Amino acid sequence: MMKRGSLAVILTLVTVLAILLVLAGLDLSPGPADSTSMPPEEKTGTTAADSGSLRLRQERGRYLAQLANCMGCHTAQGGQPYAGGKELPTPFGTFITSNITPDKQTGIGNWNEQDFWKALHEGKSRDGRPLYPAFPYTEYTKISREDSDAIFSHLQSLAPVAQENPSGRIQFPYNFQPLLSLWRFIYFKPGVYQADSGQSGEWNRGAYLVQGLGHCSACHAERNPLGAVVGAAGGETLGGGQIMGSNWYAPSLTSSFEAGSAGWPLDEIARLLTTGVSLKAATSGPMADVVRQSLQHLTAEDARAMAVYLKSLPESAQPPPPPQAINEQGRAWLERGSAIYEKHCKDCHGSSGEGAPGIYPPLAGNRGVVMTPPVNAIRSILIGGYPPSTSGNPKPYGMPPFAQVLRDDEVAMVLSYIRTAWGNAASLVTRDQVDKSRVGLH
Amino acid sequence: MKTFFLMMAICSIVLAPGAEFAVAAAVDVPDTMAERVKPCVACHGSEGVAGKDSFYPRLAGKPKGYLFNQLRDFRDGRRYYRPMALLLENLSDEYLMEMASHFADLKQPYPPPEPASLTPGEAALARRLIENGDSARNIPACVECHGKALMGTPPFIPGLLGLPRMYMVAQFGAWRSGGLLRGRKADCMSEIGKQLTVEETNALAAWLSSRPVPERDFSVATLAAEMAQRCGDIVRSSAE
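From first to last, the protein sequence lines stand for chains A and B. So for the first sequence, my numbering puts the first residue at 8; every next one is plus one. So for the second sequence, my numbering puts the first residue at 15; every next one is plus one.
Structure, rendered in structure tokens:
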């Protein structure tokens with residue numbers, strides 16, 4: 008209730024401000040399509056050397072597009088790669104991704120390098136329209152011009168797919184364009200990644216990948232009610248946050264109580280990123296998607312660079328408050344949880360939560376299961392799933408879905424048990440928390 | 015040399031900061047497909063023999079290409095069932111094929127037939143459709159694709175015996191409403207399902223589920239060219 012109230016206040020203020028700015032003659036509307044939006048020039052008489060270097064650039068672009076995970080959003084479930092049509096639900100409405108194959112009518116066949124750069128770097132469409140930040144130009148703006156051009160040349164080398172996608176369903180007032188322009192004015196500052204000369208080349212490469220192409224903060228950061236990353240001005244923003252439009256929490260990459268990697272060996276960080284599993288953890292949910300679609304393609308050098316950078320992030324977290332003492336009722340709850348664990352979980356995760364590292368994640372000391380909020384662990388129990396098939400782990404072992412097997416209170420009991428057994432000391436889980444996580448399972 | 019690196023690797027794990035990576039004795043996990051398909055058996059039963067209720071069908075012994083097509087269609091949203099899509103979303107075609115192969119190779123006894131609850135008229139109706147179809151409505155005989163013994167035509171066409179009646183009723187309903195394979199074009203079973211009446215599908219489900227599964231083999235036939243053409247999407251869609 009509080010939250011909705013404050014959102015309304017912010018919206019009103021922002022709308023009033025927008026109107027004032029417009030009245031004051033500030034041009035927040037998109038400018039006319041500029042002269043750079045010409046169709047790509049037909050090249051004639053290309054030499055063998057030209058076509059060789061073009062191929063190299065396309066190949067590099069292919070790799071960079073994988074790291075930026077363009078395909079992840081611009082491909083519908085079971086659809087043609089890069090032809091768009093995927094729905095992205097957010098609190099502001101549903102966005103539908105665009106076709107970025109080089110089809111002239113329905114894709115970006117009429118774009119040139121400059122148009123593409125403008126989208127990535129400035130968040131503007133070819134016709135000058137400001138884009139919604141569901142397209143993560145707030146991160147992509149850090150990508151270098153050279154990399155942008157390479158990605159573009161790769162996309163232009165794809166077979167064109169004629170696929171018209173429906174337009175998104177953006178709710179009022181977010182569909183009021185001056186508001187978007189104002190949002191950009193407040194929260195978005197274009198700028199390519201600037202290397203930190205006090206750090207190694209490897210660290211800087213890692214920072215570039217994490218902040219730009221990898222756009223990790225698109226998920227691993229808290230957002231304000233207007234969808235802007237909290238504290239976006241300047242510093243690193245990987246403090247964890249609820250992923251918009253989903254029941255997953257993207258854990259903090261700067262907290263040793265969540266997914267901070269300061270205490271991890273570099274090889275283990277790189278292994279988790281590229282194979283989807285490590286000795287301590289297995290990826291699930293949206294992160295498993297990211298590993299499958301994007302991170303598994305990292306070269307060993309780039310994976311290590313990301314690991315070096317992630318490991319160096321300064322600790323941001325305070326220790327969570329100790330959980331309340333468990334009363335008689337709580338003890339009965341845990342006892343029933345223990346029986347469920349015995350029946351359904353012990354075979355794979357072990358009688359002491361020891362698991363089988365790299366196969367079935369250990370649960371004792373597993374930050375993913377003791378984290379606040381417990382949504383990811385609840386979700387994993389309900390939907391099960393496999394870490395991704397990757398070249399480093401082509402045939403992963405998986406977790407059964409229990410949504411069909413256990414009731415909400417049973418899921419809450421067994422997770423409460425796991426969160427308090429074998430040295431784990433997190434809060435108990437309630438049946439209501441499980442019920443909320445069932446959204447979108449059918 | 016190899017041993018040296020192995021020792022180094024072990025040392026580096028043990029000496030990792032905070033000893034966080036010193037791993038306790040782990041659960042012993044067999045490196046087998048049976049272990050890898052454990053998530054399936056939670057609903058489909060141990061060895062894929064029978065589901066926890068009628069709506070989770072048996073997997074054991076179904077044709078490999080058929081199982082692969084179902085797995086891939088679930089993953090890609092063409093056969094719509096969200097829990098299966100969520101379970102499989104990050105698995106490769108190659109791995110799904112291995113899973114299909116694993117279940118196809120399982121030789122497990124079938125459950126006893128369900129007691130028949132058909133009037134003689136209903137039984138005759140079911141048998142007529144199974145043996146002859148109805149050419150006036152362009153409905154082929156079931157045996158044309160599903161085999162004389164109704165145990166399928168490998169690798170893509172599944173058998174019809176040994177399935178629970180309620181499962182078949184539900185599947186017929188889904189074919190008719192177009193909900194089973196939403197995204198797929200020119201799907202022959204959907205066309206056939208839409209031609210059948212509820213009386214017919216109920217009779218078929220009751221009759222088929224009351225038939226015992228033949229002791230041994232069943233599946234030598236190949237699909238007639240005409241049917242392969244008509245069901246081309248099913249037959250061609252696999253890497254098989």
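We treat Cβ as the ideally placed atom computed from N, Cα and C, and that holds for glycine. Here the structure is a predicted model, which means the values were calculated and not measured.
Helix, strand or coil at residue i according to DSSP, with G and I counted as helix
i, result
"Asn400(A)", "strand"
"Glu349(A)", "helix"
"Leu305(A)", "coil"
"Val43(B)", "coil"
"Gly213(A)", "helix"
"Ile115(A)", "coil"
"Gln249(A)", "strand"
"Phe183(A)", "coil"
"Lys443(A)", "helix"
"Leu95(A)", "strand"
"Thr82(A)", "strand"
"Leu144(A)", "Note that residue 144(A) is Tyr in the sequence shown here, rather than Leu. Tyr144(A) falls in the helix class under three-state DSSP."
"Lys131(A)", "strand"
"Asn431(A)", "coil"
"Phe88(B)", "helix"
"Pro137(A)", "strand"
"Thr167(B)", "strand"
"Arg244(B)", "helix"
"Val63(B)", "coil"
"Thr261(A)", "coil"
Distance CB(residue i)-CB(residue j) smaller than 9 Å
i, j, result
"Ala293(A)", "Ala324(A)", "Per the sequence shown, residue 293(A) should be read as Pro rather than Ala. Taking 9 Å as the Cβ cut-off, Pro293(A) and Ala324(A) do not qualify as a contacting pair."
"Ser224(B)", "Pro129(B)", "yes"
"Gln209(B)", "Asp119(B)", "no"
"Arg426(A)", "Val436(A)", "yes"
"Gln73(A)", "Ser301(A)", "yes"
"Thr379(A)", "Ala433(A)", "yes"
"Ala88(B)", "Leu73(B)", "At residue 88(B) the sequence reads Phe, which differs from the Ala that was named. Against a cut-off of 9 Å, the Cβ pair of Leu73(B) and Phe88(B) comes out as no contact."
"Val55(B)", "Ala363(A)", "no"
"Ala266(A)", "Gly375(A)", "yes"
"Pro408(A)", "Gly392(A)", "yes"
"Lys287(A)", "Pro381(A)", "no"
"Ala269(A)", "Glu322(A)", "yes"
"Gly205(A)", "Ala314(A)", "no"
"Thr108(A)", "Leu165(A)", "yes"
"Thr244(A)", "Pro395(A)", "no"
"Ile103(A)", "Ser174(A)", "yes"
"Val284(A)", "Asn104(B)", "no"
Rounded straight-line distance, which links the Cα of residue j to that of residue i
i, j, result
"Ala36(B)", "Gly372(A)", "Confidence at Ala36(B) is low in this model, with a pLDDT of 49, below 50, so the placement of that residue should be treated as unreliable; the coordinate-derived value is given next. So the alpha carbons of these two residues sit roughly 12 Å apart."
"Leu127(A)", "Thr306(A)", "23 Å"
"His161(A)", "Glu153(A)", "13 Å"
"Pro143(A)", "Val41(B)", "42 Å"
"Arg438(A)", "Ser106(B)", "35 Å"
"Leu279(A)", "Leu273(A)", "10 Å"
"Ser191(B)", "Ile144(B)", "22 Å"
"Thr236(B)", "Tyr147(A)", "54 Å"
"Gly399(A)", "Trp221(B)", "49 Å"
"Pro53(B)", "Leu177(B)", "21 Å"
"Tyr139(A)", "Gln170(A)", "21 Å"
"Ser387(A)", "Ile153(B)", "44 Å"
"Lys443(A)", "Asp90(B)", "26 Å"
"Asp354(A)", "Tyr348(A)", "9 Å"
"Cys352(A)", "Met113(B)", "22 Å"
"Asp247(B)", "Ala239(B)", "14 Å"
"Cys156(B)", "Met203(B)", "11 Å"
"Asn83(B)", "Ile193(A)", "50 Å"
Cβ separation of residue i and residue j, assumed to be a contact under 8 Å, to the nearest whole Å
i, j, result
"Val183(B)", "Ala219(B)", "5 Å"
"Gly75(B)", "Pro168(B)", "So it is not a contact: roughly 11 Å between Cβ atoms."
"Pro197(A)", "Glu129(A)", "5 Å"
"Tyr70(A)", "Met78(A)", "Actually they are not in contact, since the Cβ atoms of Tyr70(A) and Met78(A) sit about 12 Å apart, beyond 8 Å."
"Leu4(A)", "Leu260(A)", "The requested residue 4(A) is not part of the displayed model; chain A covers only 8 to 449."
"Ala140(B)", "Ala217(B)", "4 Å"
"Gly1(A)", "Arg92(B)", "This structure cannot speak to residue 1(A), because chain A is shown only from 8 to 449."
Of the residues that make up the segment 375-397 of chain A, which ones have a beta carbon closer than 8 Å to any beta carbon in chain B? Cβ proximity to chain B below 8 Å picks out Ile390, Gly391, Gly392, Tyr393, Pro394, Pro395 and Ser396 from the segment 375-397 of chain A.
Using Cβ-Cβ distances below 7 Å, what residues of the segment 288-313 of chain A are close to chain B? The segment 288-313 of chain A vs chain B, Cβ under 7 Å: Ala295, Asp296 and Arg299.
Using a beta-carbon distance cut-off of less than 9 Å, what residues from the segment 48-59 of chain B approach chain A? Residues Glu49, Arg50, Val51, Lys52, Pro53, Cys54, Val55, Ala56 and Cys57.
What residues from the segment 399-429 of chain A come within 9 Å of chain B, judged by C-beta to C-beta, listed N to C? So the close ones are Pro401, Lys402, Pro403, Tyr404, Gly405, Met406, Pro407, Pro408, Phe409, Ala410, Gln411 and Val412.
Selection of the segment 107-122 of chain B by Cβ proximity to chain A, strictly under 8 Å: Listed by position along the chain: Glu108, Tyr109 and Glu112.
Going along the segment 73-91 of chain A in order, which residues come within less than 9 Å of chain B, judged by CB to CB distance? The segment 73-91 of chain A vs chain B, Cβ under 9 Å: Ala83, Gln84, Gly85 and Gly86.
Anything in the segment 68-94 of chain B with a Cβ closer than 7 Å to a Cβ of chain A? List those residues in chain order, please. Near chain A, meaning a CB-to-CB distance below 7 Å, the residues of the segment 68-94 of chain B are Asp90, Gly91 and Arg92.
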